[in-house]
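S.K.:
Protein chains: 2
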Amino acid sequence: MAVRIIYVRHAESLWNPIGKYQGRLDPELSERGHKQAQLLAKALKKYNPTALYSSPLKRTYMTAEYISKELGLPINVDEDLIEIDHGDWSGMLVEKVKEEYPEMFRQWLYEPQNVNFPNGEDLHKVYERVKRFQEKALEKHNGETIVAVSHTVPIRASFVAGLNLPLDKFWSFGCDNASYSILDYDTVRPILYKLNNTYFLGELFVPALDAL
Amino acid sequence: MAVRIIYVRHAESLWNPIGKYQGRLDPELSERGHKQAQLLAKALKKYNPTALYSSPLKRTYMTAEYISKELGLPINVDEDLIEIDHGDWSGMLVEKVKEEYPEMFRQWLYEPQNVNFPNGEDLHKVYERVKRFQEKALEKHNGETIVAVSHTVPIRASFVAGLNLPLDKFWSFGCDNASYSILDYDTVRPILYKLNNTYFLGELFVPALDAL
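So the sequence lines, in the order shown, correspond to chains A and B. Each residue of the first sequence is one higher than the one before, counting from 1 in the working numbering. Each residue of the second sequence is one higher than the one before, counting from 1001 in the working numbering.
(1) When the cut-off is 9 Å and only beta carbons count, does L1109(B) lie next to chain A?
(2) I1005(B) and H1040(B) - do their beta-carbons sit closer together than 9 Å?
(3) In the DSSP assignment, find the unbroken beta strand (DSSP E) run with E144(A) in it and report its ends.
(4) Can you say whether L183(A) is buried or exposed, counting buried as having 16 or more other CB atoms within 10 angstroms of its CB?
(5) Let me know the secondary structure DSSP gives F117(A) once reduced to three states.
(6) Mind checking if V126(A) is an interface residue toward chain B, Cβ cutoff 9 Å exclusive?
(7) Report all residues from its chain with a CB closer than 7 Å to the CB of P118(A); omit the five preceding and five following residues, and keep chain order.
(8) Apart from the five residues just before and just after G120(A), which ones in its own chain have a Cβ nearer than 6 Å to its Cβ?
(9) Which residue marks the beginning of the beta strand (DSSP E) containing K1194(B), and which one marks its end?
(10) When the Cα atoms are used, what is the spatial distance from S172(A) to L1192(B)?
(11) If we define contact as Cβ-Cβ less than 9 Å, is G1174(B) a contact residue for chain A?
(12) Among residues of its own chain, excluding the 5 on either side of L214(A), which ones have a beta-carbon nearer than 7 Å to its beta-carbon?
(13) Quick check on P190(A) - is its C-beta less than 9 Å from some C-beta in chain D?
(14) Can you give me the C-alpha to C-alpha distance between P1102(B) and P74(A), rounded to a whole angstrom?
(15) To the nearest angstrom, how far is it from the Cα of I146(A) to the Cα of L93(A)?
(16) Note down, in chain order, each residue of its chain lying with its Cβ closer than 7 Å to the Cβ of L1163(B), except the 5 sequence neighbours on either side.
(17) Between N1197(B) and chain A, is the shortest Cβ-Cβ distance under 9 Å, so that the two count as touching?
(18) State the start and end residues of the unbroken alpha helix (DSSP H) segment that holds Y1021(B).
(19) Inspect the CB distances between the stretch 1021-1037 of chain B and the stretch 1055-1063 of chain B and report whether three or more fall short of 8 Å.
(20) Should I1067(B) be flagged as near chain A, meaning a C-beta pair shorter than 9 Å?
(21) For G1143(B), does the count of other Cβ atoms within 10 angstroms reach 16, so buried, or fall short, so exposed?
(22) Flag I182(A) as yes if its beta-carbon sits less than 9 Å from any beta-carbon of chain B, otherwise no.
(23) Quick one: residues in its chain with C-beta nearer than 6 Å to the C-beta of T63(A), no 5 flanking neighbours on either side, listed in chain order?
(24) Counting contacts by CB-CB distance shorter than 9 Å, is L44(A) in contact with chain B?
(25) Can you tell me which of the three DSSP states F173(A) falls into?
(26) Could you name the residues that DSSP lists as bridge partners for A51(A)?
(27) Less than 6 Å between C-beta atoms, sequence neighbours within five positions excluded: which residues of the same chain meet that for V97(A)?
(28) Which chain B residues sit within Cβ distance under 8 Å of L165(A)?
(29) Shorter than 9 Å from the beta carbon of Y1193(B) to some beta carbon of chain A?
(30) Which whole-angstrom value describes the C-beta separation of R156(A) and F133(A), a residue pair presumed to lie in contact below a C-beta threshold of 8 Å?
(31) Tell me where the alpha helix (DSSP H) around Y1066(B) begins and ends.
(32) Using the three-state DSSP reduction, which class does V1026(B) fall into: helix, strand or coil?
(33) Take L65(A) as the anchor and find which of H34(A), Y180(A) and E100(A) has the nearest alpha-carbon.
(34) Can you look up V160(A) in the DSSP assignment and give me helix, strand or coil?
(35) Enumerated in chain order, which unbroken segments of the alpha helix (DSSP H) with a length of 4 residues or greater are wholly contained in the stretch 1083-1137 of chain B?
This is how it looks when you write it as structure tokens:
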């Protein structure tokens, strides 16, 4: 059994550049995000994927639409790829979170596995979901390459789940807007083959803000 | 204390395409390797590194020479970046190793941390060396970006050392010829920011053989 999963982080949303936690809230792509998604879609062509999955939120689905058009693949919405529910942080600016939840913010940076967002989710739940997505992919797409359009938290959790790392390694991997990363399940072992590729964005590249 | 280390795997050597273990043996770059190294050197320009380190072996040093010329940086040879000593495997084809050392070959794939190459090194020694290189980099290059030209085994061991992973995760990361990867030590945590970038090689890209 083998499958190649290309994880795509959605292109820039309206809230990414201002540093607002999104969680399950649903801003659209920014003008730059639309352009990024087009370049990203073209960059994925060479991998010849056979299936396309997306989180249901607008920023991911709109990104997936460009990929769908470029690659001629239908979009399969999968709830397991949705962003963590940031609960009470959702819609708040990072600066405001630092002021109102200083201890939880520190925890999110240094021991993210111990944060349970009030009225939201914790990382363990996200881990379970993304692991389930990987198991489904292995079952349904043996020998294929698939694309999964998702968000920072589930994508980083996917690396941790794929490589069987402890959840405290959650922040160990780069994940910028409109980036793609490749996780290969081969017969011997899972391998992170590429990480956080954004070379195709040129001047449209914007580095992710920390802790978001 | 912070430092960005760009790990560069040497361009294609004469032995890479035929699948021969190199270890401390010293083949030169292939014709394609020379061209790859030129493209790689240009791709590194945008990161504005301030120092360049290289393993002493020819395949790394010759790669570093292109980078040195393109970026105007002198080459600092550092023995800590040298390839693992494959001992009795050195100079042998993978196919021959599979025949003559079937159990050790299996071990190298599935539990590399337990292999001690006869008349050579083990992974723990490489880990110590590359960890020491990282500590020196943190001390000498605070706030800077540096380039380290090295080999598959010490580069993968550097990811494991940098992210504080157990050595059994050694094979978890892609590492092709003439690729670059970025490890960021920032004040909060080390991050693997980019992995196995080879987009700039175009038609000159050749995927690494497994187990080498």
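Each residue gets a CB set at the ideal place from its N, CA and C atoms; glycine is no exception.
M.R.: This is what the structure gives:
(1) Position 109 of the second sequence holds residue 1109(B). Yes, its Cβ sits closer than 9 Å to a Cβ of chain A.
(2) Counted from its first residue, the second sequence places residue 1040(B) at position 40. Counted from its first residue, the second sequence places residue 1005(B) at position 5. The sequence as given places Leu at residue 1040(B); His does not occur at that position. No, the Cβ-Cβ distance between L1040(B) and I1005(B) is not below 9 Å.
(3) The residue given as residue 144(A) occupies position 144 in the first sequence. From DSSP, the beta strand (DSSP E) with E144(A) extends over E144 to S150.
(4) Taking the first residue of the first sequence as position 1, residue 183(A) is located at position 183. Burial call: buried.
(5) Counted from its first residue, the first sequence places residue 117(A) at position 117. The answer is coil: DSSP assigns F117(A) none of H, G, I, E or B.
(6) The residue labelled residue 126(A) in the question sits at position 126 within the first sequence. Not an interface residue.
(7) Translated into positions along the first sequence, residue 118(A) becomes position 118. Closer than 7 Å at the Cβ level, and outside the excluded window around P118(A), lie G87 and D88.
(8) The sequence position of residue 120(A) within the first sequence is 120, counting from 1. If we look at G120(A) and ignore the five residues flanking it on each side, its Cβ neighbours are D85, H86 and G87.
(9) Along the second sequence, one-based indexing puts residue 1194(B) at 194. First-last of the beta strand (DSSP E) with K1194(B): P1190 to N1197.
(10) Taking the first residue of the first sequence as position 1, residue 172(A) is located at position 172. Taking the first residue of the second sequence as position 1, residue 1192(B) is located at position 192. Cα to Cα, the separation comes out at about 6 Å.
(11) Numbered from 1 along the second sequence, position 174 holds the residue referred to as residue 1174(B). With 9 Å as the cut-off, G1174(B) counts as an interface residue toward chain A.
(12) The structure shown does not extend to residue 214(A), since chain A spans only 1 to 212, so no value can be given for it.
(13) Reference to chain D is not applicable here, since the protein chains of this structure are A and B.
(14) Counted from its first residue, the second sequence places residue 1102(B) at position 102. Counted from its first residue, the first sequence places residue 74(A) at position 74. Approximately 45 Å, taken between the alpha carbons.
(15) As a working mapping, residue 146(A) is identified with position 146 in the first sequence. As a working mapping, residue 93(A) is identified with position 93 in the first sequence. C-alpha separation (whole angstroms): 34 Å.
(16) On the second sequence, position 163 is the one that residue 1163(B) refers to. Once the five neighbours on either side are set aside, the close Cβ partners of L1163(B) are P1190 and L1192.
(17) Counted from its first residue, the second sequence places residue 1197(B) at position 197. By this cut-off, N1197(B) is an interface position.
(18) Indexing the second sequence from 1 puts residue 1021(B) at position 21. From DSSP, Y1021(B) is part of no alpha helix (DSSP H); its letter is neither H nor E.
(19) yes
(20) One-based indexing of the second sequence puts residue 1067(B) at position 67. No - not a single Cβ of chain A is within 9 Å of the one on I1067(B).
(21) Translated into the one-based positions of the second sequence, residue 1143(B) becomes position 143. Burial call: exposed.
(22) Here residue 182(A) is taken as the residue at index 182 of the first sequence, counted from 1. Yes, I182(A) counts as interfacial toward chain B.
(23) For the purposes of this step, residue 63(A) is identified with residue 63 of the first sequence, where counting begins at 1. Closer than 6 Å at Cβ, skipping near neighbours: H10, A11, A37 and V149.
(24) Indexing the first sequence from 1 puts residue 44(A) at position 44. Cβ-Cβ to chain B under 9 Å: no for L44(A).
(25) As a first step, residue 173(A) is located in the first sequence; it is residue number 173 there, counting from the start. The answer is strand: DSSP assigns F173(A) an E or B state.
(26) Numbered from 1 along the first sequence, position 51 holds the residue referred to as residue 51(A). For A51(A), which the question treats as bridged, DSSP gives the partners I146(A).
(27) Residue mapping note: residue 97(A) aligns to position 97 of the first sequence, counting from 1. W89 and F105.
(28) One-based indexing of the first sequence puts residue 165(A) at position 165. The contacting residues are L1165 and K1169.
(29) Taking the second sequence and counting its residues from 1, one reaches residue 1193(B) at position 193. Yes, its Cβ sits closer than 9 Å to a Cβ of chain A.
(30) Against the first sequence, residue 156(A) aligns to sequence position 156. Against the first sequence, residue 133(A) aligns to sequence position 133. The pair is not a contact, with the Cβ atoms about 14 Å apart (cut-off 8 Å).
(31) Position 66 of the second sequence, counted from the start, is the residue given in the question as residue 1066(B). Start and end: K1058 to L1071.
(32) On the second sequence, position 26 is the one that residue 1026(B) refers to. Note on identity: in this sequence residue 1026(B) is Asp, with Val being the wrong assignment. Coil at D1026(B), not helix or strand.
(33) To locate residue 65(A), count along the first sequence from 1; it is residue 65. One point to set straight first is that residue 65(A) is Glu, not Leu, in the sequence displayed. Closest option to E65(A), Cα to Cα, is H34(A).
(34) Residue numbering aside, residue 160(A) sits at position 160 when the first sequence is read from its first letter. Residue state, collapsed to three classes: helix.
(35) 1094-1100 and 1102-1110
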